[in-house]
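*Asks:*
2 protein chains.
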Amino acid sequence: MTKQPTTEEKLKVFKALADPIRLEVIHYLNGLDQAVSCGEIGQAMHISKTSGSYHFKILQEAGLITVQKVAREKYVKLDRSTFDEYLTHFWQNV
Amino acid sequence: MTKQPTTEEKLKVFKALADPIRLEVIHYLNGLDQAVSCGEIGQAMHISKTSGSYHFKILQEAGLITVQKVAREKYVKLDRSTFDEYLTHFWQNV
DNA sequence: TAAATAGTTCAAAAACATTTGAACTATTTT
DNA sequence: AAAATAGTTCAAATGTTTTTGAACTATTTA
């Protein structure tokens, strides 16, 4: 009884997954399983702040991460429900 | 006990899924659940032969479809084991 | 054997995604 | 209050993907 994703939404998710840096970020977040600051992830991935900002935005707009601002930092974690909806339950929406 | 996909392989699959025409092809093939000729799919998607050829190659190289040549036609169907490995079982490989 | 059909290949053009560095905002520390 | 830190925004440059049309191969039909 939960709404079917549109093609636009699916595209956003698959495009977000179709990049090596973003797959690495997902892997990193999955390993830690807690909110981590953008800066920490950026350092671990060896990318610039600007590039990090760009990639986090894409992951966020796809719904793959959630973001929480704490003082001057942003903490990020995986939104597993989105992975489940688009990947694990892929055949439910195809 | 089955080999972990490499980052390259995952990227190929997610890139293949990150396109509206290819998602439509997958949807079409899923509905029919049988091998269909490239020409028939191309007509149903309203794309040129050249564009069809390009997209089928990408889906094939990602392992998302299998292709069988019969006389001068090519028949295509979904390879569900690849969808299962990369999507349904996403968390096993992340 | 000539014409038609199914699909491929190639290179150029067009469209789209990513990176870069500088300038910026907001917050925290000294 | 000044300096430092976390992150964003912008436009330009670079890189990658997709589309296009013409020429091609292989097979089938007339």
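Protein chains in written order, with UniProt numbering: chain A, 1 to 94; chain B, 1 to 94. Cβ atoms here follow ideal geometry from the backbone N, Cα and C, with glycine treated the same way.
(1) Would you kindly work out how many angstroms separate the C-alpha atoms of residue 33 (chain B) and residue 1 (chain A), rounded to a whole number?
(2) Who are residue 37 (chain B)'s beta bridge partners in DSSP?
(3) I need the DSSP call for residue 67 (chain B), collapsed to helix, strand or coil.
(4) Let me see if you follow: with CB-CB separation under 8 Å, is residue 20 (chain B) close to chain A or not?
(5) So, helix, strand or coil for residue 43 (chain A), using DSSP?
(6) Check whether the Cβ atoms of residue 76 (chain A) and residue 56 (chain A) lie closer than 8 Å to each other.
(7) So that I know if they touch, is there some Cβ in chain A lying closer than 8 Å to that of residue 27 (chain B)?
(8) Among B:21, B:22 and B:7, whose alpha-carbon lies nearest the alpha-carbon of residue 17 (chain A)?
(9) Beta-carbon within less than 8 Å of residue 21 (chain A)'s beta-carbon, same chain only, minus the 5 sequence neighbours each way: which residues are those?
(10) Rounded to whole angstroms, what is the Cα-Cα separation between residue 87 (chain A) and residue 61 (chain A)?
(11) Going along the chain, which residues of its own chain have a beta-carbon closer than 7 Å to the beta-carbon of residue 42 (chain B), five neighbours each way excluded?
(12) So, is residue 73 (chain B) buried or exposed, given that buried needs 16 or more other C-beta atoms within 10 angstroms?
(13) If you measure from the beta carbon of residue 49 (chain A) to each beta carbon in chain B, is any gap under 8 Å?
(14) Strictly under 8 Å for the Cβ-Cβ distance: is residue 15 (chain A) near chain B by that measure?
(15) Output needed for residue 66 (chain B): all residues of its chain with C-beta closer than 7 Å, excluding positions within five of it in sequence on either side, in chain order.
(16) Closer than 9 Å by beta-carbon distance: list the chain A residues that pair up with residue 56 (chain B), in chain order.
(17) Looking only at its chain, what residues have a beta carbon closer than 8 Å to the beta carbon of residue 14 (chain B), apart from the 5 residues adjacent to it on each side?
(18) Are the C-beta atoms of residue 114 (chain B) and some chain A residue less than 8 Å apart?
*Replies:* So, to answer that:
(1) Spanning the two alpha carbons is a distance of roughly 25 Å.
(2) Bridge partners of residue 37 (chain B): B:75.
(3) In the three-state reduction of the DSSP assignment, residue 67 (chain B) falls in the strand class.
(4) Interface residue, yes.
(5) It is helical.
(6) In this structure, residue 56 (chain A) lies closer than 8 Å to residue 76 (chain A) by Cβ.
(7) Closer than 8 Å to some Cβ of chain A, the Cβ of residue 27 (chain B) qualifies, so yes.
(8) Among B:21, B:22 and B:7, the Cα nearest to that of residue 17 (chain A) is on B:7.
(9) Annotation for residue 21 (chain A): 45, 47, 51 and 55 place their beta carbon closer than 8 Å to its own, counting only its chain and skipping 5 residues before and after.
(10) The straight-line gap from Cα to Cα measures roughly 17 Å.
(11) Only 49 and 52 meet the Cβ criterion.
(12) The residue in question, residue 73 (chain B), is exposed, as its Cβ has fewer than 16 Cβ neighbours within 10 Å.
(13) So no, residue 49 (chain A) is outside the interface.
(14) Yes - at least one Cβ of chain B is within 8 Å of the one on residue 15 (chain A).
(15) Once the five neighbours on either side are set aside, the close Cβ partners of residue 66 (chain B) are 77 and 79.
(16) Going along chain A, no residue has its Cβ under 9 Å from residue 56 (chain B), so there is no contact; the nearest lies around 18 Å.
(17) Contacts found: 86.
(18) In the structure as shown, chain B begins at 1 and stops at 94. Residue 114 (chain B) is therefore absent and cannot be evaluated.
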